[in-house]
Amino acid sequence: MDRIEGLAKLTGAERYVDDLPLDGMLWGMTVRSPAPRGRVTGVHFGSGVDWSEFVVVDHHDIPGDNTVLLIETDQPLLAGEYVRHAEEPIALVAHRSREMVRRAIREIEVTIDPDPPIFDFTAEPTQDQIQHGSDNALKRIDITKGDVDAALVRAARVVEGEYRTGSQEHVYLENQGMIAWEEDGVLVIKGSLQCPFYVLKAAVRALGRDSDHVRIVQTPTGGGFGGKEEYPSMIALHAALLALKAEQPVRIIYDRGEDMRATTKRHPSLVRHRTGVDGDGRLVAQDIDVALDGGAYVTLSPVVLSRGVIHAAGPYACDNVRIRGRAMLTNSPPHGAFRGFGAPQTHFANERHMDVIAATIGIDPDEFRRRNLIVDGQTTATGQRITDGTDRVALLDHALELSSYHERQDKHRSLNASHPYLRRGIGLAAFHHGAGFTGSGEVMLASELHLAGLPDGRIEVLSANIEMGQGTLTVFTKLVCDRLGLRPEHVVIADADTGRVPDSGPTVASRTTMVVGRLVDDSDTGDRVTQAIIDWHVERDEPLVGHAKYEPPPGIEWDETTYTGDAYATYGWATYVAEVEVDLRTYTARVTDFVAVQDVGTVLHETLARGQIQGGVVQAIGWALTEECAWSNGVMQNNQLTNYIIPTSDDVPPIRVSFVENPFAHGPHGAKGLGELPMDGPAPAIANAVARAIDADPRAIPLTPEHLMDLLSNGR
Amino acid sequence: MPTTLAEALEIQRDEDATPMAGGTDLLVHWPEQLELHDRDYLDLWGIDELRRIEWSDDTLELGALTTYWDVITDAKIGAAFPLLVDAARQIGAVQIQSRGTWAGNIANGSPAADGVPVLMAYGASVVIASHDKHRQVPLERFYAGYKEMDLAPDELIVAIRIPNRTYRHERFIKVGSRRAQAIAKVGAALVSNGSGWRVVASSVAPTIRRCPTIEAQISDGEPLSSPDDLLPAIRADVSPIDDLRSTAAYRERVMSRVLYYAIEEMSHR
Numbered sequence: 001m002d003r004i005e006g007l008a009k010l011t012g013a014e015r016y017v018d019d020l021p022l023d024g025m026l027w028g029m030t031v032r033s034p035a036p037r038g039r040v041t042g043v044h045f046g047s048g049v050d051w052s053e054f055v056v057v058d059h060h061d062i063p064g065d066n067t068v069l070l071i072e073t074d075q076p077l078l079a080g081e082y083v084r085h086a087e088e089p090i091a092l093v094a095h096r097s098r099e100m101v102r103r104a105i106r107e108i109e110v111t112i113d114p115d116p117p118i119f120d121f122t123a124e125p126t127q128d129q130i131q132h133g134s135d136n137a138l139k140r141i142d143i144t145k146g147d148v149d150a151a152l153v154r155a156a157r158v159v160e161g162e163y164r165t166g167s168q169e170h171v172y173l174e175n176q177g178m179i180a181w182e183e184d185g186v187l188v189i190k191g192s193l194q195c196p197f198y199v200l201k202a203a204v205r206a207l208g209r210d211s212d213h214v215r216i217v218q219t220p221t222g223g224g225f226g227g228k229e230e231y232p233s234m235i236a237l238h239a240a241l242l243a244l245k246a247e248q249p250v251r252i253i254y255d256r257g258e259d260m261r262a263t264t265k266r267h268p269s270l271v272r273h274r275t276g277v278d279g280d281g282r283l284v285a286q287d288i289d290v291a292l293d294g295g296a297y298v299t300l301s302p303v304v305l306s307r308g309v310i311h312a313a314g315p316y317a318c319d320n321v322r323i324r325g326r327a328m329l330t331n332s333p334p335h336g337a338f339r340g341f342g343a344p345q346t347h348f349a350n351e352r353h354m355d356v357i358a359a360t361i362g363i364d365p366d367e368f369r370r371r372n373l374i375v376d377g378q379t380t381a382t383g384q385r386i387t388d389g390t391d392r393v394a395l396l397d398h399a400l401e402l403s404s405y406h407e408r409q410d411k412h413r414s415l416n417a418s419h420p421y422l423r424r425g426i427g428l429a430a431f432h433h434g435a436g437f438t439g440s441g442e443v444m445l446a447s448e449l450h451l452a453g454l455p456d457g458r459i460e461v462l463s464a465n466i467e468m469g470q471g472t473l474t475v476f477t478k479l480v481c482d483r484l485g486l487r488p489e490h491v492v493i494a495d496a497d498t499g500r501v502p503d504s505g506p507t508v509a510s511r512t513t514m515v516v517g518r519l520v521d522d523s524d525t526g527d528r529v530t531q532a533i534i535d536w537h538v539e540r541d542e543p544l545v546g547h548a549k550y551e552p553p554p555g556i557e558w559d560e561t562t563y564t565g566d567a568y569a570t571y572g573w574a575t576y577v578a579e580v581e582v583d584l585r586t587y588t589a590r591v592t593d594f595v596a597v598q599d600v601g602t603v604l605h606e607t608l609a610r611g612q613i614q615g616g617v618v619q620a621i622g623w624a625l626t627e628e629c630a631w632s633n634g635v636m637q638n639n640q641l642t643n644y645i646i647p648t649s650d651d652v653p654p655i656r657v658s659f660v661e662n663p664f665a666h667g668p669h670g671a672k673g674l675g676e677l678p679m680d681g682p683a684p685a686i687a688n689a690v691a692r693a694i695d696a697d698p699r700a701i702p703l704t705p706e707h708l709m710d711l712l713s714n715g716r
Numbered sequence: 001m002p003t004t005l006a007e008a009l010e011i012q013r014d015e016d017a018t019p020m021a022g023g024t025d026l027l028v029h030w031p032e033q034l035e036l037h038d039r040d041y042l043d044l045w046g047i048d049e050l051r052r053i054e055w056s057d058d059t060l061e062l063g064a065l066t067t068y069w070d071v072i073t074d075a076k077i078g079a080a081f082p083l084l085v086d087a088a089r090q091i092g093a094v095q096i097q098s099r100g101t102w103a104g105n106i107a108n109g110s111p112a113a114d115g116v117p118v119l120m121a122y123g124a125s126v127v128i129a130s131h132d133k134h135r136q137v138p139l140e141r142f143y144a145g146y147k148e149m150d151l152a153p154d155e156l157i158v159a160i161r162i163p164n165r166t167y168r169h170e171r172f173i174k175v176g177s178r179r180a181q182a183i184a185k186v187g188a189a190l191v192s193n194g195s196g197w198r199v200v201a202s203s204v205a206p207t208i209r210r211c212p213t214i215e216a217q218i219s220d221g222e223p224l225s226s227p228d229d230l231l232p233a234i235r236a237d238v239s240p241i242d243d244l245r246s247t248a249a250y251r252e253r254v255m256s257r258v259l260y261y262a263i264e265e266m267s268h269r
């Protein structure tokens, strides 16, 4: 099946929020904090523009609570007396000319009486840096299985390691943007977003209106990667505040510089491992400490930490595991959702550490993993018994075979011994990714989806799940076609408009196909097809709507208080292999070949699935090698694509994708989530390959040429 | 918008306008740099007489509106001055290559320019005109400091002249932060006619500049035994800094390594 919106995107016919006509509209823009922490002592309006032409909004104009409701309510919509990070929104300005609003922003001076900020999430805060609880911890989560201390004493070898990852910018092609206006007493907010009902709930709280008087509508979204999970609530409500005060439509579109400086990034991490192995190279104890930089407000850090710690021990069997996790407040802009959601960070540490252990005890990295991968009947760190029938060792061996892993090592050895400046190496990573919301999350979401038979005989799918490039429209259409024997032109996917669609949950966590797609497949519209639908409408004056509501797979149990049990309904499993070439003239590492083997259950749409895997690998190559946020005083200095280096097609190797299809009984046609999995494995596989190529021991990413030079000079 | 050079030079004499050719550098930060909006610009793009490539017996002359793409697609230039093509192909992507000009690259004065080092290595001169006179300045003497150049407010660069000589060795080196669409962190252009080298370095000093100490060492000195042998000469000729794109330490060390291996490879041919 062709991609539903493919032609519109290819030809430029697709209309994004910045393209939508809006009569009589104003351009909105945000006044931001110049300092990372302190009391706001004044907002001064300069004389360079005529302020009577402008609409200005500050926290006094917020009709409801001054908060961007998410998990907590600590983040203000517009800072009033106090700021906790640079670039924090303080006021809003609108004018019919975009140029004028840009000039007006420069006329406004915000003065701050500073308090001491904290930027190092690994450091103990001093008393005057504490801004949350007693120690700045936004969230702590511990996982305990067996007796780690006793097992470490008994272990034949104990290997320690410390691993760091940096922040990462999403670089969705379409910047954040929203439009808002009031229409017959209903506030309409349209824009680029992943989670319409998140925005709706935040709007109800901050605007003091009930949900019948607010409509949130998603516009075609040019990439999200998690960057449009929570942040859109902020910009949506800003547009709404301006529109309500101006009594005119308002458009806010961030330009790239503002988007990169002010919006969320991937959480930086520091993970420490202390691992006991027995004489046979089997894991007997995993003692893991996970620290994340949460930034200035709670936002999604508790759930990012949750996914991070649950994945921290990797896809391995070990009877004694202790994972201690914390997300720490710093005075950086809040770090947020980003493809993988904490798991890429902990997988980087664990998979790099597996190579470090293998080297320490003198076993090949692939053999060390083979001995420890979970086999059916064994349990994960949370005690979840895995019984899905996937042969994880065979999957690993398949990846080694496809990549000629062993043969290439011999070739690399001879090249590395003779070439004046080129060094090659190959590395692997074995990993997993839980599909859907963590723990009881899916039960609490209680997603609902409707299928309606339209009077013309077509089927309309009504859900809150959105297309952002990953293929929702196509997969939903295909599921309906397969179920009802229809052609794609007989299926319409409704706009994600909270005024029309039921809440099928957010478009995050690799859940759309597996969880919501299953609802498409389950919907009780049954086998009525086109003529039957038309007949229904001819005979009856009532809508024909089929309903489906999420039911968890049987036997799933999760204890949120002890963090034990079935953390996810199912997991994707994978082994990735990267080959790199390091040029010692320039200290540049380049990925020259890549093999990605995974079990994501049944593959519903081969082209989309392969595209998702390849795209994730490319995004992870950037995170591993070149993407580095240059922070200074809590502000990203390289907030432009000239100096924030994402890979181009020339930096990307052939990415060979192979699916091992083991159907998941509770996904549509056996499908599991897959979108985030490819973000988890490439960075450690690449770092392991670099370690081999140059006989070094990298413990942090990105491995930029400058960092590689230091590594080679200092031995680390 | 002028369509003749004479018209443009009159405007330059009478008005305070910033000349603009392809605009590829100017427009990058346009939305954010509002101060740029308050200036006047002299758009040179419509002056067809500046859009020419002329050969004489001893010189190649590129009119000031010659783009990178014009050079990339010119087989005769590619045969005579391969480094021009090497450098042009590493500037941005096709859109930039077909809009950006060699003269604009010179006048922009960036120490990280890719076009300037190869022109300087080939001994190019800048042809400058004002409403009442023409003059010519060797490119290697054109820059006085960071973004400071020998160009009066009433003058325009109208052409670039490159002496048509033959070289035994020629090499352009660009170390960017990725393989394409990157700004140089370290750059160099080297040519040798068999008796001596000309070496030009970019991104390691306030201006693109020739490196006389390195030239003397590799033309006349002891054979090099390792990249480190070049470090004293590099330190004498350039002064790299830490910035958003890289570090001084990286630039110095990588300069020694890329030069060393380039010279090694060329001298074994």
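Sequence order for the protein chains is A and B. Mapping of the first sequence onto my numbering: position 413 corresponds to residue 413, and the numbering continues sequentially without gaps. Mapping of the second sequence onto my numbering: position 9 corresponds to residue 9, and the numbering continues sequentially without gaps. We put the beta carbon where it would ideally sit given N, CA and C, even for glycine. Only a predicted model underlies this, so the values are computations on that prediction, with no experimental measurement involved.
Check: Where does histidine 95 (chain A) fall in DSSP's three states?
Finding: In this structure, histidine 95 (chain A) counts as strand in the three-state DSSP scheme.
Item checked: Cβ neighbour criterion (16 or more within 10 Å) applied to alanine 6 (chain B) -> Residue environment for alanine 6 (chain B): exposed (fewer than 16 other C-beta atoms within 10 angstroms of its C-beta).
Next item on the list: May I ask you to list, following chain order, the residues of the stretch 238-255 of chain B that have a beta carbon less than 7 Å from some beta carbon of chain A?
Entry: Listed by position, the residues of the stretch 238-255 of chain B near chain A (Cβ gap below 7 Å) are Leu244, Arg245, Ser246, Thr247, Tyr250, Arg253, Val254.
Next item on the list: Can you check the stretch 520-578 of chain A for any beta strand (DSSP E) of at least 3 residues that lies completely inside it and give the ranges in chain order?
Entry: Restricted to the stretch 520-578 of chain A, the beta strand (DSSP E) segments that are unbroken, complete and at least 3 residues in length are 544-549, listed in chain order.
Note to self: Can you confirm whether the stretch 438-445 of chain A touches the stretch 582-591 of chain A when touching is taken to mean that 3 or more C-beta pairs between the two stretches lie within less than 8 Å?
What the structure shows: When C-beta atoms of the stretch 582-591 of chain A are compared with those of the stretch 438-445 of chain A, fewer than three pairs fall below 8 Å, so the two segments do not count as touching.
Margin query: Does serine 414 (chain A) come out as helix, strand or coil in the three-state DSSP assignment?
Written below: For serine 414 (chain A), the three-state secondary structure derived from DSSP is helix.
Margin query: Quick check on the burial criterion: 16 or more other C-beta atoms within 10 angstroms. Buried or exposed for histidine 238 (chain A)?
Written below: So histidine 238 (chain A) counts as buried.
Check: Mind checking whether alanine 189 (chain B) and valine 200 (chain B) have CB atoms under 9 Å apart?
Finding: Contact: yes.
Check: Between the stretch 408-422 of chain A and chain C, which residues of the former have a C-beta closer than 9 Å to a C-beta of the latter?
Finding: Of the protein chains in this structure, namely A and B, none is chain C.
Item checked: Sequence-distant residues of its chain with Cβ nearer than 8 Å to aspartate 524 (chain A) (five each side left out) -> So the list reads Gly546, His547, Ala548, once near-sequence residues are dropped.
Next item on the list: Apply the 10 Å Cβ neighbour rule to tyrosine 122 (chain B) and answer buried if 16 or more other Cβ atoms are within range, or exposed otherwise.
Entry: Tyrosine 122 (chain B) should be labelled buried.
Check: Skipping 5 residues on each side, what residues in its chain have a beta carbon closer than 7 Å to that of glycine 166 (chain A)?
Finding: Annotation for glycine 166 (chain A): Pro268, Glu628, Cys629, Ile701, Pro702 place their beta carbon closer than 7 Å to its own, counting only its chain and skipping 5 residues before and after.
Next item on the list: Using alpha carbons as the reference points, say which of A:Pro114, A:Asp135, A:Ile112 lies closest to alanine 123 (chain A).
Entry: Distance check between alanine 123 (chain A) and each of A:Pro114, A:Asp135, A:Ile112 places A:Asp135 closest, using alpha-carbon atoms only.
Next item on the list: Say whether the stretch 675-692 of chain A touches the stretch 606-620 of chain A, bearing in mind that this needs 3 or more beta-carbon pairs closer than 8 Å, one atom from each stretch.
Entry: The stretch 606-620 of chain A and the stretch 675-692 of chain A touch, with three or more beta-carbon pairs separated by less than 8 Å.
Notebook entry, point to check: Within 10 angstroms of its Cβ, does leucine 10 (chain A) collect 16 or more other Cβ (buried), or is it exposed?
Noted result: It is exposed - the Cβ of leucine 10 (chain A) has fewer than 16 other Cβ atoms within 10 Å.
Check: Pairing CB atoms from the stretch 191-200 of chain B with CB atoms from the stretch 209-229 of chain B, are three or more of them under 8 Å?
Finding: Touching, per the Cβ criterion.
Checklist line | Stretch-stretch touch, CB-based, cutoff 8 Å, three pairs: the stretch 90-107 of chain A with the stretch 19-38 of chain B | finding: Contact holds between the stretch 90-107 of chain A and the stretch 19-38 of chain B, because three or more Cβ pairs, one in each stretch, are under 8 Å apart.
Next item on the list: Reducing DSSP to helix, strand and coil, say where serine 192 (chain A) ends up.
Entry: DSSP, read as helix, strand or coil, puts serine 192 (chain A) in coil.
Next item on the list: Please check if any C-beta of chain B sits within less than 9 Å of the C-beta of glutamate 87 (chain A).
Entry: Cβ-Cβ to chain B under 9 Å: no for glutamate 87 (chain A).
Notebook entry, point to check: Would you report the Cα separation of glutamine 218 (chain A) and leucine 20 (chain A), rounded to the nearest angstrom?
Noted result: Each residue's alpha carbon lies about 12 Å from the other.
Next item on the list: Determine the direct distance from the alpha carbon of threonine 607 (chain A) to that of arginine 3 (chain A), and round the result to whole angstroms.
Entry: If you take the alpha carbons of arginine 3 (chain A) and threonine 607 (chain A), they lie about 9 Å apart.
Checklist line | Three-state secondary structure assigned by DSSP to leucine 703 (chain A) | finding: If DSSP states are grouped into helix, strand and coil, leucine 703 (chain A) belongs with coil.
Item checked: Residues of the stretch 96-110 of chain A with Cβ closer than 8 Å to any Cβ of chain B, in chain order -> Listed by position along the chain: Glu99, Arg102, Arg103, Arg106.
Item checked: Three-way DSSP call (helix, strand, coil) for tryptophan 51 (chain A) in this model -> Three-state DSSP puts tryptophan 51 (chain A) in a helix.
Notebook entry, point to check: Can valine 501 (chain A) and isoleucine 459 (chain A) be called in contact, C-beta distance under 9 Å?
Noted result: With respect to the 9 Å criterion, valine 501 (chain A) and isoleucine 459 (chain A) are not classified as neighbours on the basis of their beta carbons.
Check: With C-beta atoms as the reference, is valine 290 (chain A) less than 9 Å away from glycine 276 (chain A)?
Finding: Contact: no.
Item checked: Inter-residue Cα distance where the pair is leucine 50 (chain B) and proline 111 (chain B) -> Leucine 50 (chain B) and proline 111 (chain B) have their C-alpha atoms spaced approximately 25 Å apart.
Next item on the list: Quick one: grab the DSSP three-state call for glutamine 614 (chain A).
Entry: When secondary structure is reduced to three states using DSSP, glutamine 614 (chain A) falls in the helix class.
Note to self: Can you check whether the C-beta of arginine 179 (chain B) is within less than 9 Å of a C-beta belonging to chain A?
What the structure shows: Chain A, which has a Cβ nearer than 9 Å to the Cβ of arginine 179 (chain B), makes this yes.
Check: Cα separation between glutamine 194 (chain A) and leucine 173 (chain A)?
Finding: Answer to the nearest angstrom: the Cα atoms are 15 Å apart.
Next item on the list: Tell whether a beta-carbon distance below 9 Å holds between arginine 261 (chain A) and valine 635 (chain A).
Entry: With respect to the 9 Å criterion, arginine 261 (chain A) and valine 635 (chain A) are classified as neighbours on the basis of their beta carbons.
Check: Which chain A residues sit within Cβ distance under 8 Å of arginine 257 (chain B)?
Finding: One finds Tyr421, Leu584, Arg585, Thr586 in chain A with Cβ atoms closer than 8 Å to the Cβ of arginine 257 (chain B), taken in chain order.
Margin query: Between aspartate 650 (chain A) and chain B, is the shortest Cβ-Cβ distance under 9 Å, so that the two count as touching?
Written below: Chain B places a beta carbon closer than 9 Å to that of aspartate 650 (chain A), counting this residue as a contact.
Notebook entry, point to check: Residues of chain A with CB under 7 Å from isoleucine 183 (chain B), in chain order?
Noted result: Within chain A, the residues near isoleucine 183 (chain B) are Thr642.
Item checked: Cβ neighbours of threonine 4 (chain B) in the same chain (closer than 8 Å, five flanking residues each side left out) -> Within the same chain, threonine 4 (chain B) has close Cβ partners Ile47, Glu49.
Notebook entry, point to check: Any C-beta of chain A sitting closer than 9 Å to the C-beta of histidine 29 (chain B)?
Noted result: The beta carbon of histidine 29 (chain B) sits closer than 9 Å to some beta carbon of chain A.
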